[in-house]
Amino acid sequence: MAEILKYEHVDISYNGERVIKDVSFTVNEGEILGIAGESGSGKSTLIKAAMGLLGPTGLVTRGDIWYKGRNLPDLSAREIRKLNGPELGMIFQYAGSSFCPIRTVGAQLYESMTEHESVSRPIFQTRAVELLQKIGFENGQRILDSFPFELSGGMQQRVGIAAAMLLNPGILLADEPTSALDVSVQKQVVEEMLLVRKTFGTAIVLVTHNIGVISAMADRVLVMRNGEMVEQGETRQVLEDPKEEYTRTLMSSVPRLRR
Amino acid sequence: MDQAILKVDNLTKVFSRKGKPDFTAVDHISFTMHPGECVGLIGESGSGKTTVVNMITRLLDPTEGSIILGGEDITRFSGRELRKVYARMQMVFQTPTDSFDPRCTLGDGIGESLRNNGWSRKETKDEVTRLLEMCGLSADFASRYPHQVSGGQCQRAAIARALAIKPRLLICDEATSSLDVTIQKEIIALLNKLRWEKGSDLSILFICHDIALVQQFCNRVLVLYKGKIVEQGEPDEVIRNPQDPYTRHLIDSIL
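So the sequences go chain by chain: E and Z. Residue numbers for the first sequence follow the working numbering, beginning at 5 and rising by one. Residue numbers for the second sequence follow the working numbering, beginning at 11 and rising by one.
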């Protein structure tokens, strides 16, 4: 399998303060990598760096982030804008609030698509409805005609996945995609994302503090603490037989259902 | 011993909105809590968990039904009477930092209920130190402000504040939901320690959406769905052998 995304000895600083220290990992095509850790461990910062979303105070100070042979931190804002969408897709924690509240879902998806390729409205309509049906909406057209606030939290999150998938990116970066959802809806979203990988072969980087979601989805897992890598390996090996003390503490803190 | 610490009877809340049909958030629920018991209330968001708590704590007026705390009907209490009720019932909220006044130190917040009940400055200070130590924080936390401590430390302080007045009923509304799992484990260990120390003097109503956590911590669980209690019983029994289709769905959804 070919590497699609590769972090090499990456340091990231906010206002000159180093928050990510020497992190390296690779994601292969079609692979799901889970990044676990407590709040403040630098999980989100790590994937924001790939998208160039660190904001005015954040900076990759050392190391390279390679995507298909290009070093992402070296690209200009213009080039990164071209990549974000068709190559790198992102799902946010609150997909509902990343949409504009006063325009329909359809209008916003259409806009994001025409930004990167020239497509006519009818073609967009068919593609969007098809995609929405693939990720579990029975009536795709109704979703396109809705405003974001008319949808439930779980539906918004799935529309967020659809928005990211519409441009068929090579890799999907998901920042806590299910953390704001109820368990039953969470399961739906997890299933949709697994389906996306199965149908499109998309690689996924999944950032979450929920070990349950990681064990259900990820092939490999990376455990972070205070901006440093603690452990990395096959999901089952890390979850069941952790090598590091910290991973062991983290795993034993997760309440497990006895049934 | 046998007298119930809390008895909720036919509690109902209907929200009326202009131009829209009435919405029944809580639909005729009844349950009883005994001294020393720890009862978990679970359900998905929108199932009415918080509305139930807000009615029990009298932050919201019930449409119908009654709330009996330690044999006394508090459903229609107000003013001075209601203030007295809070000596027997205290809350711990979901977001610890927001539940403290940002312009007062944690010590002020914890000691406020004692000062209001006529304790002297000196006595309050000593008691606050004792409470902080009981909750695993050192005495110097009393002089810190909410934004100067971590979420887990702040939640410990919130528990210390709730326990200051020695309530018989502690209501935790998603008290660990916004915390990391490692911190959550510490808070649960603290609550367990308090339960063990206080025996039948402290009952806990624990609102949570994590069934696994409720299974670890509670004697009894109530499953709330669309404002109704669909199932109740011992957590192990409910989880291994759910009777209601919704409970089964909820348990099957856990990854």
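C-beta: ideal position from N, C-alpha, C; glycine also.
Would you say residue i faces chain E, with C-beta separation under 8 Å as the test?
{"i": "Z/R230", "result": "no"}
{"i": "Z/D225", "result": "Looking at the sequence provided, one finds Gln at residue 225 of chain Z rather than Asp. With 8 Å as the cut-off, Z/Q225 counts as an interface residue toward chain E."}
{"i": "Z/G29", "result": "no"}
{"i": "Z/A174", "result": "no"}
{"i": "Z/T192", "result": "yes"}
{"i": "Z/M11", "result": "Note that Z/M11 has pLDDT 48, beneath the 50 cutoff, so the model's placement of it is unreliable and no number is given."}
{"i": "Z/S263", "result": "yes"}
{"i": "Z/I15", "result": "no"}
{"i": "Z/I221", "result": "yes"}
{"i": "Z/H259", "result": "yes"}
{"i": "Z/S55", "result": "yes"}
{"i": "Z/I249", "result": "yes"}
{"i": "Z/D254", "result": "no"}
{"i": "Z/K203", "result": "no"}
{"i": "Z/D108", "result": "no"}
{"i": "Z/D246", "result": "yes"}
Tell me where the alpha helix (DSSP H) around residue i begins and ends.
{"i": "E/F128", "result": "R125 to K138"}
{"i": "Z/G119", "result": "L116 to N126"}
{"i": "Z/G162", "result": "G161 to L173"}
{"i": "Z/F87", "result": "Segment: none, Z/F87 is in no alpha helix (DSSP H) and carries neither H nor E."}
{"i": "E/S3", "result": "Limits of chain E in this structure are 5 at one end and 263 at the other, which puts residue 3 of chain E out of reach."}
Just checking: is the beta-carbon of residue i within a distance shorter than 8 Å of some beta-carbon in chain Z?
{"i": "E/H120", "result": "no"}
{"i": "E/T251", "result": "no"}
{"i": "E/V209", "result": "no"}
{"i": "E/K191", "result": "yes"}
{"i": "E/R66", "result": "no"}
{"i": "E/D186", "result": "yes"}
{"i": "E/A99", "result": "no"}
{"i": "E/S219", "result": "yes"}
Would you give the residue range spanned by the beta strand (DSSP E) that residue i belongs to?
{"i": "Z/P131", "result": "The question names Pro, yet the displayed sequence has Arg at residue 131 of chain Z. Taken as a continuous stretch (DSSP letters only), Z/R131 belongs to no beta strand (DSSP E), being part of the alpha helix (DSSP H) at R131 to M144."}
{"i": "E/T65", "result": "G62 to Y71"}
{"i": "Z/Q242", "result": "K238 to G243"}
{"i": "E/Q236", "result": "E232 to E238"}
{"i": "Z/S76", "result": "E74 to L79"}
{"i": "Z/F216", "result": "S213 to I217"}
{"i": "E/K10", "result": "E7 to Y18"}
{"i": "Z/G209", "result": "It is not in any beta strand (DSSP E) - Z/G209 carries neither H nor E in the DSSP assignment."}
Would a C-beta distance cut-off of 8 Å place residue i and residue j closer than the cut-off?
{"i": "E/M94", "j": "E/M55", "result": "yes"}
{"i": "E/E20", "j": "E/L210", "result": "For the record, residue 20 of chain E in the displayed sequence is Gly; it is not Glu. Contact flag unset, no."}
{"i": "E/S45", "j": "E/R229", "result": "yes"}
{"i": "E/A220", "j": "Z/L265", "result": "yes"}
{"i": "E/Q238", "j": "E/R224", "result": "It should be noted that the sequence gives Glu, not Gln, for residue 238 of chain E. Taking 8 Å as the Cβ cut-off, E/E238 and E/R224 qualify as a contacting pair."}
{"i": "Z/K30", "j": "Z/I78", "result": "no"}
{"i": "E/L113", "j": "E/L177", "result": "no"}
{"i": "Z/S153", "j": "Z/T115", "result": "yes"}
{"i": "E/A168", "j": "E/I139", "result": "no"}
{"i": "E/A53", "j": "E/I69", "result": "yes"}
Can you tell me which of the three DSSP states residue i falls into?
{"i": "E/L87", "result": "helix"}
{"i": "Z/M11", "result": "Because Z/M11 sits at a pLDDT of 48, beneath the cut-off of 50, its placement in the model cannot be relied upon, and the following sentence gives the value as read from the coordinates. Of the three classes helix, strand and coil, the one that applies to Z/M11 here is coil, per DSSP."}
{"i": "Z/N20", "result": "strand"}
{"i": "E/C104", "result": "coil"}
{"i": "Z/A199", "result": "helix"}
{"i": "E/D26", "result": "strand"}
{"i": "E/H213", "result": "coil"}
{"i": "Z/Q100", "result": "strand"}
{"i": "Z/F41", "result": "strand"}
{"i": "E/Y114", "result": "helix"}
{"i": "E/N75", "result": "strand"}
{"i": "Z/G29", "result": "coil"}
{"i": "Z/I261", "result": "helix"}
{"i": "E/L261", "result": "coil"}
{"i": "E/R146", "result": "helix"}
{"i": "Z/N7", "result": "Outside the modelled stretch of chain Z, which goes from 11 to 265, sits residue 7 of chain Z, for which no answer is possible."}
{"i": "E/A178", "result": "strand"}
{"i": "E/H120", "result": "coil"}
{"i": "E/T253", "result": "helix"}
{"i": "E/E196", "result": "helix"}
{"i": "Z/A5", "result": "Within the shown structure, residues of chain Z are numbered from 11 to 265, placing residue 5 of chain Z beyond reach of any answer."}
Could you tell me whether any non-hydrogen atom of the ligand FAD is closer than 7 Å to the CB of residue i?
{"i": "Z/E143", "result": "The ligand FAD is not part of the structure shown, which contains no ligands of any sort."}
Determine, using beta-carbon pairs with one atom in the segment 205–215 of chain Z and one in the segment 243–252 of chain Z, whether at least three such pairs fall under 8 Å. no
Are the segment 218–238 of chain Z and the segment 43–54 of chain Z touching by the rule of at least three beta carbon pairs closer than 8 Å? yes
Measuring CB atoms only, is the segment 175–192 of chain E touching the segment 94–108 of chain E, in the sense that at least three cross pairs come out at less than 8 Å? yes
Check whether the segment 87–104 of chain Z and the segment 63–74 of chain Z are in contact - that is, three or more C-beta pairs closer than 8 Å. yes
Inspect the CB distances between the segment 183–194 of chain E and the segment 10–25 of chain E and report whether three or more fall short of 8 Å. no
When you compare the segment 194–213 of chain E with the segment 142–156 of chain E, are there three or more beta-carbon pairs, one atom per stretch, that lie closer than 8 Å? no
Would you call the segment 177–193 of chain Z and the segment 22–37 of chain E touching, i.e. three or more CB-CB distances under 8 Å? no
Are the segment 132–140 of chain Z and the segment 201–208 of chain Z touching, with three or more C-beta to C-beta distances below 8 Å? no
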